[in-house]
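Start counting the sequence shown at 382; every next residue gets the next number (this note's numbering). Note that beta-carbon positions come from the ideal geometry of N, C-alpha and C, so glycine has one too. Worksheet: the structure to be examined is printed underneath.
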Amino acid sequence: MREALNLAAQGRGWVNPNPLVGAVIVKEGKIVGQGFHKQYGMPHAEANALDAAGDQARDADLYVNVEPCVNHPSKRTPPCTDRIVQSAIRRVFIAMRDPDGHVNGQGIAQLRAAGIEVHLGILESDALKLNEISQKYKTTGKPFVLLKMAMSADGKIATRTGHAKYISSPASLRFAHELRDRYAAILVGIGTVLADNPSLTTRLEYPGHDPVRVILDSRGQIPLDAHILQVQSAAKTILATTSAIDPAKANALKKCGVTLWELPTKEKSTPHSEFAMASQVDLHTLLENLGKSNLDSLLIEGGSTVAASFIDEKLIDKIMFVIAPALIGGQAAPSPIGGIGIEKIQEAHRLKNISFRTIGTDLIYEAYLNKD
């Protein structure tokens, strides 16, 4: 099962919104076939493993980290349960149920009905962690949201002058692009666009994919010559705006190939915010629209005010702080989470399931927002 999980991870960034799945076929103590889901719309892990095993699959054991799929109208590939039964597999070991309502438990039931012995729950916690994106998306219809921010050891994301390149190490910068490769969409606020003029593309030494770029810009302040509007990419750019945008500017942006989403507003009292306005895009509606657009995951890289807005609405699932061994100082230097902030410590947003690791010279602090 550990090998199945390792295989599954190779599909990161390519199978969305499907789960990451790996499969290993064992006969008489030896691996006779293995495979993983390589890309959305292509054969699933079980089919690839069975192809590799050939006739040796008869009376063998199949290890798969997610429950095999069944037939339903939205499927782009043949059901894996049918293929497993046809191959005369003897036993199937599954780490976790498929959270998709079209499958959840039905794949297991079909296999057992065909006389196949099924065991569930092997390395389940590892499997759930690997597929936390799919688990959230399949059960809620909304994308899994990761907030990633780089900061100094004294909690600053830029100097008092706003200079922020580059706080983290080259190894951490590479890791940031690996995250972009894995996530379906990336989001920043208009303040980040105006200050840093980012492209938000994925730049790796191997072929990766660019996430869909999402910009929060309720008044249409983005310059037409911004880098993010000029990049040559298969991924589209979405401007999440409101009725406050000037119609002429909206038309000009559309001519640049930008997809405009005119969304409801939500009043915000934060002064001098990154949005620089009395109201901002309703983030709940934004996430609903992203989910309906088949985007199962969102990486937030933009600004302390954007971070505060998502946290205040309890829309963050996971937080990742890249902490560099540097001291910036200065009362005017910005910290990762802006906004008005809380009044009492008892009101603090609590984190759970905390872990640490190092990349290059930096410390990676990873945790989940406690929404209870």
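Query, Result
"What's the gap between the Cα of H730 and the Cα of K408?", "50 Å"
"Which residue's Cα is closest to the Cα of V445: F702, G683, T462?", "T462"
"Find out if the Cβ-Cβ distance for the pair I470, V499 is shorter than 8 Å.", "no"
"With DSSP collapsed to three states, give me the class of Y749.", "strand"
"How many angstroms separate the CA atom of G435 from the CA atom of K635?", "51 Å"
"Alpha carbon to alpha carbon, what distance is there between P645 and I681?", "20 Å"
"State yes or no: is the C-beta of A545 within less than 8 Å of the C-beta of A552?", "no"
"Excluding the 5 residues flanking D753 on each side, which residues of the same chain have their C-beta closer than 6 Å to its C-beta?", "none"
"Can you round the beta-carbon distance between Q415 and A428 to whole angstroms, since I take them to be within the 8 Å contact cut?", "So it is not a contact: roughly 12 Å between Cβ atoms."
"Determine the direct distance from the alpha carbon of D479 to that of D693, and round the result to whole angstroms.", "31 Å"
"Check each candidate in G392, V396, R383 and name the one with the smallest Cα separation from D788.", "Only positions 382 to 753 of the chain appear in the structure, and residue 788 is not among them; the question remains open."
"I'd like to know if the region 728-742 and the region 582-591 are in contact, where contact means that at least 3 CB-CB pairs between them fall below 8 Å.", "no"
"Relative to the C-alpha of Y518, which residue among A705, P400, R393, R561 is closest?", "P400"
"Here's a check: name, in chain order, each residue in its chain whose Cβ is nearer than 8 Å to the Cβ of L492, leaving out the five neighbours to either side.", "P449, T462, I465, V466, V473, V499"
"Figure out for me which residue from T458, G638, T742, Y547 has the closest Cα to the Cα of I709.", "Y547"
"Roughly how many whole angstroms lie between the Cα atoms of Q420 and L671?", "20 Å"
"Report back the beta-carbon spacing between M382 and I503 to the nearest angstrom; my notes put them in contact at under 8 Å.", "5 Å"
"From S674, V593, N675, T666, pick the residue whose C-alpha is nearest to that of V801; which is it?", "With the chain represented from 382 up to 753, any question about residue 801 goes unanswered, as that position is not in the structure."
"Just the C-alpha distance for P706 and I489, rounded to the nearest angstrom, thanks.", "49 Å"
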